[in-house]
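Using numbering that gives the first Met the number 0, the first residue of the sequence shown is number 0, and each one after it goes up by one. We treat Cβ as the ideally placed atom computed from N, Cα and C, and that holds for glycine. Right, one structure below, let's go through it.
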Amino acid sequence: MLNQKTIERLSKMGSKDYFITSMYLHLDKNNNHKIALKDMIKDRRQGLDKIKHEKKLAREQVLSLENDFSKIEHFVHHDFLHNDHHKGLAIFSCSANNFWELLELPQAVSNHLNADYDPYIRTLSELICEHRSYGIVLVDSAKAKILNVTLGFVKEYLSIHNDVLPKIKYGGIEGTQERNINRAHDEMVQKHFNHVAAQTEKLIEEEDMTRLIIGGRQNIISQFESTLTSSTRKKIVGHIVVEPEAPLNDILKKSQEVAQAAEKKYETELIDKLKGEANTAGGKGIFGLQPTLQSLRRGGVNTLIVAKSYKAPGFVCHQCFFIGVPEEKGPKDTCPICSGKAHDLDDVIEEAITFAFMQGCKVENTSDNSRLKIMGNIGALLRY
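Here it is as structure tokens:
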């Protein structure tokens, strides 16, 4: 399953000795993805001599790459079983190190084939920001349904049905029995709410859930919410008025509207916080490419914030893992720290994202690019 921990783990799979092949494929029912993969691999094979010369690769390194291409092509053409739930596929391979990782994705991705010392993870990073996971709790006085929405794909986590006595009308002196029945009804409803709340907490803990949508009748929603802990209530981003037994498509449509509004609000607040911290003396925020890379190198970044699709040239040293902008190079294209070879990069942002995940940083790829663009398209909230 794709989440923050998956990307962190992949970011640490880099190698000093051998390239890792990263492949992303847009899947379709007509098997056009097989043709697309064949074309990508053909182009890469034709460019192997150029890569070998530019990167000064040894025969064993080239052989590992060739084996990666063959394994990926064979798997997609002969072993992979495509189903309608998955619209994208990611494969990471390093034959020399016996490394193979497969991710089936519920969202489409652009076709891409990359070979470098680190896995190409920017696509995954953007994916989990664009389609954030959230929970949906649908509840009434006797039933409940808890749904887990991951990367836009909804899955039923739990369905609950508790036997609850119906409430009845009563009046006058003769209504003692009826009042007892209604008291029992209220107690059973509260017990039901407590059960649903406990299962909701379990989902939050298991999936590291940060957002929650509560659905049901208006009067039931407020009753149920009072049962939740304060930390869980803080995760609630909105409500939908819907019955627990409503069609799944209706539930998902209403919840997506709430989730999109919550994401827009979150991005606005995130950039506001970055701007405020960066413009305050002693504040824990910086923006601009070079200052952000400097903070990453020092291990001072808590949250890296990048405009989606932003790219910038730079370089990396594979000996000491220094990443920087071209102006920071040492004499004769060397690393300013260890004097090793400074390898030019068309996109240093990919290295910055990988470096951030390696350090356990949170990475935010924001679509609110207009205000972040003014700040250089990149910034960070700092640990200290």
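Problem set entry | Ile19 beta carbon less than 8 Å from that of Gly13 | Yes.
Exercise. Is DSSP giving Ala306 helix, strand or coil here?
Worked result: Strand.
For this session: Determine the closest residue to Lys372 out of Asn29, Lys310 and Asn97, with distance taken between C-alpha atoms.
Result: Ranking the options by Cα distance to Lys372, first place goes to Lys310.
Problem set entry | Nearest to Glu262 (by Cα), restricted to the options Ser366, Val300 and Gln45 | It is Ser366 whose Cα lies nearest to the Cα of Glu262.
Exercise. What's the C-alpha gap between Thr231 and Asn147?
Worked result: Counting only the Cα atoms, Asn147 lies some 15 Å from Thr231.
For this session: Tell me whether Ala197 is buried or exposed, calling it buried when 16 or more other Cβ atoms sit within 10 Å of its Cβ.
Result: Per the 10 Å Cβ criterion, exposed.
Problem set entry | Where Ile219 falls: helix, strand or coil (DSSP) | Here Ile219 sits in helix by DSSP.
For this session: Please list, in chain order, all residues of the same chain as Ala245 whose beta carbon is under 8 Å from its beta carbon, the five residues on each side excluded.
Result: For Ala245, where only same-chain residues beyond five positions count, the Cβ hits under 8 Å are Leu137.
For this session: Could you round the C-beta distance between Cys319 and Gly339 to whole angstroms and report it? I think they count as a contact, below 8 Å.
Result: Taking C-beta atoms under 8 Å as the contact rule, Cys319 and Gly339 qualify, at a distance of about 7 Å.
For this session: Can you grab the Cα-Cα spacing for the pair His32 / Gly329, in whole Å?
Result: If you draw a straight line from the Cα of His32 to the Cα of Gly329, it comes to about 44 Å.
Exercise. Any idea which residues DSSP pairs Ser21 with across the strands?
Worked result: Note: Ser21 sits in a beta bridge opposite Phe91 and Asn113.
Exercise. When DSSP labels each residue in this structure, what does Asp155 get in the three-state scheme?
Worked result: At residue 155 the sequence reads Glu, which differs from the Asp that was named. Strand.
For this session: Determine the burial state of Asn364: buried for a count of at least 16 other Cβ atoms within 10 Å of its Cβ, exposed for fewer.
Result: Its Cβ being crowded by 16 or more others within 10 Å, Asn364 is buried.
Exercise. Smallest Cα separation from Ser132: which of Gln106, Asp38 and Lys55?
Worked result: Here the closest residue by C-alpha is Gln106.
Exercise. How many whole angstroms separate the CB atoms of His85 and Leu1, which I take to be in contact at a CB cut-off of 8 Å?
Worked result: Under the criterion of beta carbons closer than 8 Å, His85 and Leu1 do not qualify as touching, at roughly 11 Å.
Problem set entry | Cα-Cα separation between Val241 and Thr228, rounded to whole angstroms | Each residue's Cα considered, the two are about 23 Å apart.
Exercise. Taking the runs of the beta strand (DSSP E) that are 3 residues or longer, which of them lie wholly in the segment 207 to 286?
Worked result: Within the segment 207 to 286, the complete beta strand (DSSP E) runs of at least 3 residues are 211 to 215, 235 to 240 and 284 to 286.
Exercise. So, using beta-carbon positions, are Val300 and Ala183 closer together than 8 Å?
Worked result: Remark: C-beta atoms of Val300 and Ala183 do not approach each other more closely than 8 Å.
Exercise. Which one or two residues does DSSP pair with Leu47 in a beta bridge?
Worked result: DSSP output for Leu47 lists no bridge partner at all.
For this session: Assuming Ala355 and Val347 form a contact by the criterion Cβ under 8 Å, report the distance between their Cβ atoms to the nearest whole angstrom.
Result: Cβ atoms of Ala355 and Val347 stay farther apart than 8 Å, at about 12 Å.
Exercise. Can you find at least 3 beta carbon pairs, one from the segment 40 to 49 and one from the segment 117 to 126, that sit closer than 8 Å?
Worked result: Flag = no, the segment 40 to 49 and the segment 117 to 126 do not touch.
For this session: Using 10 angstroms around the beta-carbon of Thr199, count the other beta-carbons present and answer buried if the total reaches 16, otherwise exposed.
Result: Buried, because 16 or more other Cβ atoms sit within 10 Å of the Cβ of Thr199.
Exercise. Cβ of Leu110 within 8 Å of Cβ of Leu9?
Worked result: Reading the sequence as shown, one finds Asn at residue 110 and not Leu. If you check the CB distance, Asn110 and Leu9 do not come in under 8 Å.
Exercise. In whole angstroms, what separates the C-alpha of Phe68 from that of Gly151?
Worked result: If you draw a straight line from the Cα of Phe68 to the Cα of Gly151, it comes to about 30 Å.
Problem set entry | Nearest neighbour of Tyr383, chosen from Gly284, Leu36, Pro325 and Asp332 [CA to CA] | Of Gly284, Leu36, Pro325 and Asp332, the residue nearest in Cα terms is Gly284.
Problem set entry | Of the listed residues Lys144, Glu155, Val153 and Thr149, nearest to Asn161 (C-alpha basis) | With distances taken between Cα atoms, Asn161 lies closest to Lys144.
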